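Peer 1: Here you go, one structure.
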Amino acid sequence: MPLNLLILVAVIQGLTEFLPVSSSGHLALIPMITDHPYQGRAIDVAAHLGTLVAVMWYLRIDLLAMLRAMLPGGDIGQRRLIASLIIATVPVIIIGFAVNAADPAWLTSPMTLAISNLVFAGLLWQADRAGALTRRLADMRIGAALMIGLVQCAALIPGASRSGVTMTAARYLGFDRLAAARFSLLLSIPAIAGAGLLKGLDIAAAGDTQLGLDAGIVMVLSFVFALLAIGWMMRLLARTNFTIFVWYRLVLGGVLLAAIMTGLI
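Under my numbering, the first residue of the sequence shown is numbered 196, with each subsequent residue one higher.
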């Protein structure tokens with residue numbers, strides 16, 4: 196695979212996986228706007244592994260606190276957070292297996308990407324505008340986690356954005372921006388691991404296990420750019436709102452619609 200394509204895939208995956216802009220939607224655009232075909236499942240898995248390691252490194256203190264909470268006499272608040280993450284993950288596992296088995300082609304069509312960017316940008320704007328800022332991560336309970344988990348299923352549509360829909364749901368429920376983003380990051384760990392496992396099983400079943408140097412390049416670059424993106428997003432949300440992401444998605448959706456209507460894609 197050409198080095199420039201490997202770099203493009205890694206940069207897109209790393210920068211967009213945790214921002215509320217949809218990594219899968221951006222990756223689906225590569226074969227539409229370039230002369231390169233789909234990058235393949237092996238490269239997908241490598242990119243996911245890179246971003247998974249990045250988010251686990253960024254959240255290492257949180258993860259260690261949760262591990263300690265699992266010991267006898269562990270912190271009740273951390274145990275409650277673990278339970279919330281499990282509850283929020285269950286719906287997307289069930290729906291994800293069904294969608295993966297069905298593999299509907301319309302999900303990756305340019306029109307789907309355009310419309311989902313526009314619709315979910317509007318929902319994020321509304322949630323961030325109307326949602327209260329009274330709840331912190333420590334206030335997460337089973338009911339709120341289940342609601343966020345159910346909404347996360349919409350992220351199976353490319354262009355919806357897993358990070359975007361979970362942050363949107365959390366803001367609707369009154370969680371402040373940093374709490375919404377942090378819960379979304381924590382929730383991404385089982386989601387990314389699960390997606391990577393499914394694709395890894397597909398690779399194993401097909402006998403395509405030669406990841407090699409290409410996959411290594413993608414994994415390292417995805418890790419670096421994901422870590423940079425997470426840090427930037429959290430610093431941004433500490434002082435302002437989600438408006439920059441809303442405008443980006445509106446512009447992207449509008450450009451895609453214009454390209455479709457003019458026959459460019």
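Ideal Cβ positions, reconstructed from N, Cα and C, are used throughout, including at glycine. Bear in mind that the values here come from a model prediction, so they are computed numbers and not experimental data.
State the start and end residues of the unbroken alpha helix (DSSP H) segment that holds Asn436.
Peer 2: Element bounds for Asn436: n/a, residue is neither H nor E.
Peer 1: When the Cα of Arg434 is compared with those of Gln208, Leu373, Gly326 and Gly344, which residue comes out closest?
Peer 2: Looking at the Cα atoms, Leu373 is the closest of the given residues.
Peer 1: If you drop the 5 nearest sequence neighbours on each side, which residues of the same chain put their C-beta closer than 6 Å to that of Ala309?
Peer 2: Taken in chain order, the residues that qualify are Gly448, Leu451 and Leu452.
Peer 1: Could you tell me the distance, in whole angstroms, from the CA atom of His243 to the CA atom of Ile277?
Peer 2: Spanning the two alpha carbons is a distance of roughly 22 Å.
Peer 1: Are the CB atoms of Arg263 and Gly269 nearer to each other than 7 Å?
Peer 2: Yes, Cβ-Cβ distance for Arg263 and Gly269 is below 7 Å.
Peer 1: Per DSSP, what kind of secondary structure is Arg366 in: helix, strand or coil?
Peer 2: DSSP places Arg366 in helix when its eight states are reduced to three.
Peer 1: Three Cβ pairs or more, each shorter than 8 Å: is that satisfied between the stretch 376 to 396 and the stretch 310 to 327?
Peer 2: The stretch 376 to 396 is not in contact with the stretch 310 to 327.
Peer 1: For the alpha helix (DSSP H) containing Phe213, list its first residue and its last residue.
Peer 2: Here Phe213 belongs to no alpha helix (DSSP H), and DSSP marks it neither H nor E.
Peer 1: Among residues of its own chain, excluding the 5 on either side of Val248, which ones have a beta-carbon nearer than 6 Å to its beta-carbon?
Peer 2: Within the same chain, Val248 has close Cβ partners Phe418.
Peer 1: Name the DSSP beta bridge partners of Arg330, please?
Peer 2: Phe370, per the DSSP bridge assignment.
Peer 1: Can you say whether Leu266 is buried or exposed, counting buried as having 16 or more other CB atoms within 10 angstroms of its CB?
Peer 2: When all chains shown are included, Leu266 counts as exposed.
Peer 1: Helix, strand or coil: how does DSSP classify Met456 here?
Peer 2: Three-state result, Met456: helix.
Peer 1: Check whether the stretch 408 to 425 touches the stretch 338 to 352, taking contact to mean three or more Cβ pairs, one atom from each stretch, closer than 8 Å.
Peer 2: The stretch 408 to 425, when compared against the stretch 338 to 352, does not touch it at the 8 Å Cβ threshold.
Peer 1: Check His231 in the structure and name its three-state DSSP category.
Peer 2: The answer is coil: DSSP assigns His231 none of H, G, I, E or B.
Peer 1: On a Cα-Cα basis, can you pick out the residue from Arg274, Tyr367 and Tyr253 that is closest to Leu328?
Peer 2: The shortest C-alpha separation from Leu328 is found at Tyr367.
Peer 1: Identify, in the order they occur along the chain, each residue of the same chain with its Cβ nearer than 6 Å to the Cβ of Thr211, setting aside the five sequence neighbours on each side.
Peer 2: The answer, listed in chain order, is Ser218 and His221.
Peer 1: Please report the straight-line C-alpha distance between Gly391 and Arg331, rounded to a whole angstrom.
Peer 2: Taking the straight line joining both Cα atoms gives about 30 Å.
Peer 1: Pick from Ala205, Gly209 and Ser356: whose alpha carbon is nearest that of Tyr443?
Peer 2: Nearest option by C-alpha distance: Ser356.
Peer 1: Locate the alpha helix (DSSP H) running through Ser311, then write down its first and last residues.
Peer 2: Segment Pro305 to Ala325, the alpha helix (DSSP H) holding Ser311.
Peer 1: Any idea what DSSP makes of Leu423, helix, strand or coil?
Peer 2: Leu423 falls in the helix class under three-state DSSP.
Peer 1: Which same chain residues, not among the five before or five after Ser311, have their C-beta less than 6 Å away from its C-beta?
Peer 2: So the list reads Ile352, Gly354 and Ala355, once near-sequence residues are dropped.
Peer 1: Once DSSP output is grouped into helix, strand and coil, what is the label at Ile271?
Peer 2: Three-state result, Ile271: helix.
Peer 1: So, are the CB atoms of Gly245 and Met429 less than 7 Å apart?
Peer 2: It is not a contact, given that the beta carbons lie outside the stated cut-off.
Peer 1: Going by CA-CA distance only, name the one from Ala386, Ile228 and Trp427 that's closest to Gly458.
Peer 2: Comparing Cα-Cα distances from Gly458 to each of Ala386, Ile228 and Trp427, the minimum goes to Ile228.
Peer 1: Would you say Pro215 and Phe440 are within 7 Å of each other, going by their C-beta atoms?
Peer 2: Cβ atoms of Pro215 and Phe440: closer than 7 Å.
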